[in-house]
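So the sequence shown is residues 1 to 39, counted in UniProt numbering.
The block underneath contains the structure these notes are about, expressed in structure tokens.
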Amino acid sequence: MNKSKNLNYWYLTIAFILIMLTFGYIFELGETLGKALAN
């Protein structure tokens, strides 16, 4: 059970990091597009 819980924790951590990277990428892309449209 302890191993399963530890594995679950790793999956949550990896998922969280991926979500943060995805949001960061989308935000950067949106900002770049916004600047391009403003010009």
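The C-beta atom is built at its ideal place from N, Cα and C for all residues, glycine as well.
Item checked: DSSP three-state assignment for N2, whether helix, strand or coil -> Three-state DSSP puts N2 in a helix.
Notebook entry, point to check: What three-state label does DSSP hand N39 in the structure shown?
Noted result: In the structure shown, N39 adopts coil according to DSSP, grouped into three states.
Item checked: Rounded straight-line distance, which links the Cα of T32 to that of T13 -> About 29 Å.
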